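> Here it is: the structure, laid out below.
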Amino acid sequence: MPPRKIPVSSPDIGERERGYVMDAVRSGWVSSLGAYIGRFETAFSRYCGTEHGIAVSNGTTALEVSLKALGVGPGDEVVVPALTFAAAAAVVVHVGAEPVLADVHPEYWCLNPEALARAIGPRTRAVIAVHSYGHPCDMDLILAVCAGRAVDVLEDCAEAHGARYRGRPMGSMGRLGTFSFYGNKIITTGEGGMVVTNDGALAERIRQLKDHAMDPGRRYYHFEAGYNFRMTNPQAALGCAQFERIEEFLAKRRSLLEWYREELEGIDGIRLNPKMEWAEPVNWIVCVELAESRSAEARDAILAALADRGIDTRPFFVALGEMPPYRGARKVGARTEGTPVADRLSRTAFNLPTSTTLGREDVARIGEALREVLNGP
Ligand SMILES: *Cc1c(COP(=O)(O)O)cnc(C)c1O
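Residue numbers (numbering that gives the first Met the number 0): 0 to 376.
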């Protein structure tokens, strides 16, 4: 019998989740009105240390409605890290602006503040600071670069629920923060997202934009072309239950990373998730960076060999500048044009299974398989 297949990620849904979702369904409030929405918004925004939370349909629409609320549009540029999930660049295109790709930092893989400083020009309106793979950006440096320049900082926290930067929670430092609750994120609502902010006027504008931009004082009068980016009440019910378990999930994810470090100890030429001294990262997903000399083909052969052993993995994101919609975008490194760090990571790094449902024995099996594949039998 072949060994059990270990997926790279699987949601952790229990009795509490089933209870809340059934309650929402039984109540009849199955669209986007209902008690769980406000409850989820309040609980989660408090956790982020922000005054307002607006639940939306997913992490991508959270980003798009945020850019729209900031007034970003045609003729504007938005700086995006050169290595991240493509949604952060796609939304810039969708609001009619242009993404500029700034390289990531070689130590912690998020937007490099020096590259950001070089990327900002007269048309720059905003920067999307993505806290990638659970590690925070260096927010003080990013905020300092943008200060006095009319460049808004939007934090994309889709991969970093619960992480902290110098004690401050994700989403509380920029003008806006966005989260995703997709099935592979730290907590899930199936599909879902949230925008958090301390700016009451912006929060109100986002609340209206995501709900067809209907004038609160005049029904069916739409003050601009709005969106339907709403979350449903059963999704929010799932979110409430997941949120009540977030500390349990984060603790289990910490253990998983410690187990991986133990299992993979002594293997030459690999590096796992970074941690800068100013950061309290979370383990959204276990990352392995191979030596710089490895080719993308060698990395992919490693992933194929792990798949043969029943272990699901995923390659790092493809550097945005390599893909058709962003090939023509301006690419800026810390000292050079081009994005060498993003290009290298996208070729040499990959992710290992990271579900809170995994046990120590699963990690041992994965560690043994990786050791075999990297060192030969
Ligand atoms: C997952 C993710 C998103 C998009 O979230 P969805 O809910 O899937 O739309 C955006 N940005 C980053 C960095 C992500 O990891």
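The beta carbon of each residue, even a glycine, is placed where N, CA and C say it ideally should be. Computed from a predicted model, the values in this text were never measured in an experiment.
Using only the alpha-carbon positions, how far apart do R17 and L237 sit?
Indexing the sequence shown from 1 puts residue 17 at position 18. Indexing the sequence shown from 1 puts residue 237 at position 238. Rounded to the nearest angstrom, the two C-alpha atoms are 8 angstroms apart.
> Please say whether A87 and I127 have beta carbons closer to each other than 8 angstroms?
As a first step, residue 127 must be located in the sequence shown, where it is residue number 128. As a first step, residue 87 must be located in the sequence shown, where it is residue number 88. Result yes, Cβ atoms of I127 and A87 sit closer than 8 angstroms.
> Going along the chain, which residues of its own chain have a beta-carbon closer than 8 angstroms to the beta-carbon of A212, five neighbours each way excluded?
One-based indexing of the sequence shown puts residue 212 at position 213. Answer for A212: H221, F222, E223, A224, G225 and Y226, listed in chain order.
> In chain order, which continuous runs of the alpha helix (DSSP H) of length 4 or greater are located wholly inside the segment 56-141?
58-68, 86-93 and 112-118
> Do G52 and S44 have their C-beta atoms closer together than 8 angstroms?
Mapped onto the sequence shown, residue 52 falls at position 53. Mapped onto the sequence shown, residue 44 falls at position 45. Result yes, Cβ atoms of G52 and S44 sit closer than 8 angstroms.
> Taking 7 angstroms as the cut-off, is the CB of K184 close to at least one heavy atom of ligand 2?
Because ligand 2 does not appear in the structure shown, any question about it cannot be addressed here, the ligands present being ligand 1.
> Pairs of beta-carbons, one from the segment 246-259 and one from the segment 32-42, closer than 8 angstroms: are there three or more?
The segment 246-259, when compared against the segment 32-42, does not touch it at the 8 angstroms Cβ threshold.
> For A54 versus G170, is the C-beta spacing smaller than 8 angstroms?
The residue you call residue 54 lines up with position 55 of the sequence shown. The residue you call residue 170 lines up with position 171 of the sequence shown. Cβ distance not < 8 angstroms, so A54 and G170 don't count as in contact.
> Can you determine whether any heavy atom of ligand 1 sits closer than 7 angstroms to the C-beta of N57, and answer yes or no?
Stepping through the sequence shown from its first residue, residue 57 is reached at position 58. N57 Cβ: within cutoff of ligand 1.
> Ligand 1 and V152: does any heavy atom of the ligand fall closer than 7 angstroms to the residue's C-beta?
To locate residue 152, count along the sequence shown from 1; it is residue 153. It does not: the Cβ of V152 is nowhere closer than 7 angstroms to a heavy atom of ligand 1.
> Got a sec? Which residues, its chain only, sit under 6 angstroms from P168 by beta carbon, not counting five neighbours each side?
Numbered from 1 along the sequence shown, position 169 holds the residue referred to as residue 168. Excluding residues within five positions, the ones whose Cβ falls inside 6 angstroms are C47 and G48.
> So, T177 versus A61, is the Cβ gap smaller than 8 angstroms?
Counting from one through the sequence shown, the residue named residue 177 turns up at place 178. Counting from one through the sequence shown, the residue named residue 61 turns up at place 62. It is a contact, given that the beta carbons lie within the stated cut-off.
> Drop a sphere of 10 angstroms on the beta-carbon of N374, count the other beta-carbons inside from all chains shown, and report buried for 16 or more, exposed for fewer.
Against the sequence shown, residue 374 aligns to sequence position 375. When all chains shown are included, N374 counts as exposed.
> Taking the alpha helix (DSSP H) that E291 belongs to, which residues open and close that run?
Position 292 of the sequence shown, counted from the first residue, corresponds to residue 291. Looking at the DSSP string, E291 is not in any alpha helix (DSSP H), and its letter there is neither H nor E.
> Going by C-alpha distance, which of V24, V79, P339 and H93 is nearest K67?
Against the sequence shown, residue 67 aligns to sequence position 68. Here the closest residue by C-alpha is H93.
> Could you tell me which residues DSSP puts in a beta bridge with H221?
Position 222 of the sequence shown, counted from the first residue, corresponds to residue 221. Secondary-structure assignment with DSSP links H221 through a beta bridge to M213.
> Is it right to say K330 is buried, meaning 16 or more other beta carbons lie within 10 angstroms of its own, or is it exposed?
Along the sequence shown, read from residue 1 onward, the residue named residue 330 stands at position 331. Under this definition K330 is a buried residue.
> Where does F228 sit, in a helix, a strand or coil, going by DSSP?
Along the sequence shown, one-based indexing puts residue 228 at 229. Reduced to three states, the DSSP call for F228 is coil.
> When the Cα atoms are used, what is the spatial distance from A202 to R298?
Along the sequence shown, read from residue 1 onward, the residue named residue 202 stands at position 203. Along the sequence shown, read from residue 1 onward, the residue named residue 298 stands at position 299. Each residue's Cα considered, the two are about 44 angstroms apart.
> Along the beta strand (DSSP E) that carries V194, what are the first and last residues, could you check?
As a first step, residue 194 is located in the sequence shown; it is residue number 195 there, counting from the start. G192 to T196 is the extent of the beta strand (DSSP E) around V194.
> Taking 8 angstroms as the threshold (C-beta atoms), are A318 and A341 in contact?
Working through the sequence shown from its first residue, we reach residue 341 at position 342. Working through the sequence shown from its first residue, we reach residue 318 at position 319. Yes, the Cβ-Cβ distance between A341 and A318 is below 8 angstroms.
> Below 7 angstroms, is the gap between the Cβ of Y226 and the nearest heavy atom of ligand 1?
The count along the sequence shown starts at 1 and reaches residue 226 at position 227. For ligand 1, not one heavy atom lies less than 7 angstroms from the Cβ of Y226.
> Considering only the beta carbon of each residue, do R229 and D210 sit closer than 8 angstroms?
As a working mapping, residue 229 is identified with position 230 in the sequence shown. As a working mapping, residue 210 is identified with position 211 in the sequence shown. The answer is yes: Cβ separation under 8 angstroms.
> Give a single yes or no on whether A86 has its beta carbon closer than 7 angstroms to a heavy atom of ligand 1.
Counted from its first residue, the sequence shown places residue 86 at position 87. A86 Cβ: within cutoff of ligand 1.
> With DSSP run on the structure shown, which of helix, strand or coil describes F43?
Here the question's residue 43 lines up with position 44 in the sequence shown. Three-state DSSP puts F43 in a helix.
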